[in-house]
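Mapping the sequence shown onto the UniProt record's numbering, position 112 (from 1) lands on 112, and the numbers just tick up by one. Note that CB positions come from ideal geometry on N, CA and C, so glycine has one too. Quick caveat: nothing in here was measured; it's all calculated off a predicted structure.
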Amino acid sequence: MKRGKFDTLVPPNRLRLLQILMGMLLLYLLFMSFEIPLVFRTGFGSVSNDGAFGFLSDALPRPLMLETEEELTDRNAPSRPSEYPFRASQGSLSGKAKRQMRELQKVSGLVFNDTVLDSNSTKDEFSELTKAAKHAWVVGKKYWDELESAKIEIDTKKNSENRSESCPHSISLSGSEFRKRNRIIVLSCGLTLWSHITVVGTPRWAHPEQDPKIAIVKDDNESVMVSQFMMELQGLKTVDHEDPPRIHHFNPRLKGDWSGKPVIEQNTCYRMQWGSALRCEGWKSRADEETVDGQVKCEKWIRDDDNHSEESKSTWWLNRLIGRTKTVTLDWPYPFTEGKLFVLTLSAGLEGYHISVDGRHVTSFPYRTGFVLEDATGLSINGDIDVHSVFAASLPTSHPSFAPQMHLELLPQWKVPPLLHVNVELFIGILSAGNHFAERMAVRKSWMQHKLIKSSYVVPRFFVALSGRREVNVEIKKEAEYFGDVVIVPYMDNYDLVVLKTIAICEYGVRTIDARYIMKCDDDTFVRVDSIIKEIRNLQKGKSLYVGNMNYHHRPLRHGKWAVTYEEWMEEEYPTYANGPGYVISSDIAQFIVFEFEKRRLRLFKMEDVSMGMWVEQFNDSRPVEYMHSLKFCQFGCIEDYYTAHYQSPRQMTCMWEKLQYQGKPVCCNMR
1 MKRGKFDTLV PPNRLRLLQI LMGMLLLYLL FMSFEIPLVF RTGFGSVSND
51 GAFGFLSDAL PRPLMLETEE ELTDRNAPSR PSEYPFRASQ GSLSGKAKRQ
101 MRELQKVSGL VFNDTVLDSN STKDEFSELT KAAKHAWVVG KKYWDELESA
151 KIEIDTKKNS ENRSESCPHS ISLSGSEFRK RNRIIVLSCG LTLWSHITVV
201 GTPRWAHPEQ DPKIAIVKDD NESVMVSQFM MELQGLKTVD HEDPPRIHHF
251 NPRLKGDWSG KPVIEQNTCY RMQWGSALRC EGWKSRADEE TVDGQVKCEK
301 WIRDDDNHSE ESKSTWWLNR LIGRTKTVTL DWPYPFTEGK LFVLTLSAGL
351 EGYHISVDGR HVTSFPYRTG FVLEDATGLS INGDIDVHSV FAASLPTSHP
401 SFAPQMHLEL LPQWKVPPLL HVNVELFIGI LSAGNHFAER MAVRKSWMQH
451 KLIKSSYVVP RFFVALSGRR EVNVEIKKEA EYFGDVVIVP YMDNYDLVVL
501 KTIAICEYGV RTIDARYIMK CDDDTFVRVD SIIKEIRNLQ KGKSLYVGNM
551 NYHHRPLRHG KWAVTYEEWM EEEYPTYANG PGYVISSDIA QFIVFEFEKR
601 RLRLFKMEDV SMGMWVEQFN DSRPVEYMHS LKFCQFGCIE DYYTAHYQSP
651 RQMTCMWEKL QYQGKPVCCN MR
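Quick look at the structure:
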């Protein structure tokens, strides 16, 4: 009998084996179709190959900000038709849980299903981001339950009189004691005016550097020789779940700097972002340059490439004998020498930090945006240095500013206006940390006083997660109850999980507020509300919009502290995305984000601004998005005619608002 082509290629016994394997595969897929939903009912979803993961569709917090249950029904019915279907299920809860949930609604506007917090599911392997999210929800539930109990309220009231910490006036440590404390000295109450810290140390001899960022092999195959150390004032108590901010980073580089000369570099790192470095390279600061308490930022020291040779002693005496009044300058060598003992003193002045070495002023560093003296609660010294002793004196003996009541002004004028039955044009979700009481108060007293916000055409809300410090959670709840503008996202705050707050902002904007546009910003961002509204109105109506300071063709860092692994991000470039301090999306994009999240198809990334660019790109595949790039959404600091200004301290916030009110134009307040 003539064989078919298939029979020639596959013998009958192998064909039967193939059919059996196909049948087993179908049975396995049928089994998984029943098993996978069970996983999502009992916990968090697993990570798929494309990195997407999600929660149960009604697991995402329901931001409702309700006073009555009747309003719940009204607000879940959008006033405009939605392209994406939503359901606002509250899950199956006991009577006690429902009562607690209603209380949570009154305080924070959020409803969460406790099935999300079930930790019994161990069927899947979780990614690091998913593990962090699951842990954050579990711990957050624990803290919320404690917050609801009367015990924590009693403890807080009992200790209310002792909230101001008692701190030593001075601290003295030997080199061995300093090393035992991991080379960090804790300044419990920070610094105050004229506080000073003295360090006695010896720079080590230069060594071959192995760091690939520095160790550039020379033509003769010699390694780069490096000797440098870092002395940092850190904010150990400033921000929860972030690296300590570097309030003053002092970095003498005896050898190994790219310039080939000994230098001193100083900088700050605010909210995990480094500012512009101040480099002292042996040249005295210009006469027209800003001084700090009358002191120059950089003193001069002798350089071997200085073309201005110093006057000889004979010339100096000759000038004195003939009566010339010319000022004779005397330069000193670089203040640090390998193997030579030095005595360094750092003092806090009115305008900045001053550093002297062996009794001679070397440099002054002006105070930077976002920090106050009391934030400097730690001193760290690392690098090529042997520390012999550390002495801190004239320290404050109490730290009252840690108490939130020092920042919160409970006055009716700062309360959020009631939501009127108007079409909200813009919803602004403001990311904030639990202990940022001063930042939130500064926003309330500045740009949140705009007439568009007072009339409810623009609605702002702070999005805050629960803190690891129980007393902070108590104060957050009180703050939310009084001002009505805080949305508590019920998970333990984690820097890598900011992306979940962004999703909560999207849902709140489209389900509770039903706004046309949703904006995300930080609590240290000053927002010109009228300018952003005007910019949006100038764009074509009915289009899907993504507005901000766009980054094009940015590449992920594969090495160092901010490294992104190929497992986290396989592509060589990020999608186009707007910088996180301030951007705007249209409501259809926000609806798409929430819908995809609930369907467990939304890919999450630890950088929330990159995540937003990823989601907009995904949305753009089905409906064109108009990208609008503007440098006026400032990523760093403030520029003239800004739309948003980032890294603004509470004092700068109020200053900028006053200038807008009385001068009628956007002017930066570059105070330190």
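Could you check how far apart the C-beta atoms of residue i and residue j are, in whole angstroms? I think they sit under 8 Å.
{"i": "valine 458", "j": "leucine 419", "result": "Rounded, the Cβ-Cβ distance is 12 Å, inconsistent with contact."}
{"i": "residue 730", "j": "glutamate 425", "result": "In the structure as shown, the chain begins at 1 and stops at 672. Residue 730 is therefore absent and cannot be evaluated."}
{"i": "aspartate 293", "j": "leucine 373", "result": "Not confirmed; about 14 Å, so no contact."}
{"i": "valine 529", "j": "tyrosine 577", "result": "At roughly 23 Å, the Cβ-Cβ gap does not stay under 8 Å, so valine 529 and tyrosine 577 are not in contact."}
{"i": "alanine 465", "j": "glutamate 338", "result": "Actually they do not touch by this definition, with Cβ atoms about 48 Å apart."}
{"i": "glutamate 299", "j": "histidine 354", "result": "So it is not a contact: roughly 11 Å between Cβ atoms."}
{"i": "arginine 461", "j": "isoleucine 430", "result": "7 Å"}
{"i": "histidine 196", "j": "serine 347", "result": "4 Å"}
Is residue i near residue j, with beta carbons less than 7 Å apart?
{"i": "proline 666", "j": "tyrosine 642", "result": "yes"}
{"i": "serine 446", "j": "arginine 440", "result": "no"}
{"i": "phenylalanine 427", "j": "isoleucine 518", "result": "yes"}
{"i": "serine 188", "j": "lysine 297", "result": "no"}
{"i": "serine 380", "j": "glutamate 265", "result": "no"}
{"i": "serine 227", "j": "lysine 255", "result": "yes"}
{"i": "histidine 169", "j": "leucine 395", "result": "yes"}
{"i": "valine 547", "j": "methionine 628", "result": "yes"}
{"i": "glycine 582", "j": "threonine 654", "result": "no"}
{"i": "asparagine 435", "j": "valine 486", "result": "no"}
{"i": "proline 650", "j": "alanine 376", "result": "no"}
{"i": "valine 186", "j": "glycine 468", "result": "no"}
{"i": "isoleucine 476", "j": "phenylalanine 229", "result": "no"}
{"i": "phenylalanine 619", "j": "phenylalanine 592", "result": "yes"}
{"i": "cysteine 200", "j": "valine 343", "result": "The sequence shown places valine at residue 200, rather than the cysteine named in the question. Yes, they are a contact pair."}
{"i": "lysine 543", "j": "glutamate 626", "result": "yes"}
{"i": "leucine 410", "j": "phenylalanine 437", "result": "no"}
{"i": "alanine 132", "j": "asparagine 382", "result": "no"}
{"i": "glutamate 608", "j": "valine 510", "result": "no"}
For residue i, tell me which candidate among the options has the shortest Cα-Cα distance.
{"i": "phenylalanine 605", "options": "Phe636, Ser176, Pro556 and Ser389", "result": "Pro556"}
{"i": "threonine 202", "options": "Glu290, Trp657 and Pro335", "result": "Pro335"}
{"i": "methionine 550", "options": "Ala563, His196, Asp288 and Gly580", "result": "Gly580"}
{"i": "asparagine 251", "options": "Ser259, Lys180, Gly509 and Val263", "result": "Val263"}
{"i": "proline 244", "options": "Tyr491, Phe371, Arg600 and His554", "result": "Phe371"}
{"i": "histidine 554", "options": "Thr654, Met614 and Ile171", "result": "Met614"}
{"i": "glutamate 568", "options": "Ile197, Asn182, Ser544 and Arg603", "result": "Arg603"}
{"i": "alanine 277", "options": "Lys261, Pro417, Ile247 and Gly260", "result": "Ile247"}
{"i": "glycine 282", "options": "Glu289, Lys261, Cys269 and Gln273", "result": "Lys261"}
{"i": "proline 490", "options": "Arg204, Thr192 and Lys501", "result": "Lys501"}
{"i": "glutamine 661", "options": "Met448, Glu146 and Val472", "result": "Met448"}
{"i": "leucine 545", "options": "Tyr508, Val564 and Ala590", "result": "Ala590"}
{"i": "lysine 180", "options": "Phe633, Ser259, Glu148 and Ser389", "result": "Ser389"}
{"i": "alanine 515", "options": "Arg16, Val422 and Tyr367", "result": "Val422"}
{"i": "valine 616", "options": "Cys638, Phe633, Gln635 and Ser586", "result": "Ser586"}
{"i": "leucine 452", "options": "Val416, Tyr482, Thr512 and Val474", "result": "Val416"}
{"i": "threonine 192", "options": "Gly484, Gly637, Cys167 and Arg601", "result": "Cys167"}
{"i": "isoleucine 505", "options": "Cys521, Tyr495 and Asp496", "result": "Cys521"}
{"i": "valine 183", "options": "Gln234, Gly542 and Ala133", "result": "The question names valine, but residue 183 in the sequence shown is arginine. Out of Gln234, Gly542 and Ala133, Gln234 has the C-alpha closest to the C-alpha of arginine 183."}
{"i": "leucine 173", "options": "Phe391, Phe437 and Ala136", "result": "Phe391"}
{"i": "leucine 539", "options": "Val584, Tyr508, Ala133 and Glu481", "result": "Val584"}
{"i": "aspartate 588", "options": "Trp332, Arg253, Ala563 and Glu507", "result": "Glu507"}
Would you identify the three-state DSSP class for residue i, choosing helix, strand or coil?
{"i": "phenylalanine 427", "result": "strand"}
{"i": "arginine 368", "result": "coil"}
{"i": "lysine 454", "result": "helix"}
{"i": "glutamate 148", "result": "helix"}
{"i": "isoleucine 593", "result": "helix"}
{"i": "glutamine 19", "result": "helix"}
{"i": "valine 667", "result": "coil"}
{"i": "threonine 502", "result": "helix"}
{"i": "arginine 651", "result": "helix"}
{"i": "leucine 346", "result": "strand"}
{"i": "histidine 361", "result": "strand"}
{"i": "threonine 130", "result": "helix"}
{"i": "threonine 644", "result": "strand"}
{"i": "glutamine 661", "result": "helix"}
{"i": "methionine 614", "result": "helix"}
{"i": "lysine 340", "result": "coil"}
Output the residue ranges of the alpha helix (DSSP H) runs that lie fully inside the region 505–588 and measure 4 residues or longer, sorted by chain position. Restricted to the region 505–588, the alpha helix (DSSP H) segments that are unbroken, complete and at least 4 residues in length are 529–538, listed in chain order.
What runs of the beta strand (DSSP E), each 3 residues or longer, lie entirely inside the region 373–423? You should have 378–383 and 385–393.
Counting only runs of 3+ residues fully inside the region 245–290, write out the beta strand (DSSP E) ranges in chain order. Listed in chain order, the complete beta strand (DSSP E) runs (minimum 3 residues) inside the region 245–290 are 246–255, 263–270 and 278–280.
Can you list, in chain order, the stretches of the beta strand (DSSP E) that have 3 or more residues and sit fully within the region 434–486? Secondary structure in the region 434–486: the beta strand (DSSP E) runs of 3 residues or longer, each lying completely within the stretch, are 458–466 in chain order.
Please give the ranges of any alpha helix (DSSP H) in the region 171–211, keeping only runs that are unbroken, at least 4 residues long and fully inside the region. 175–180
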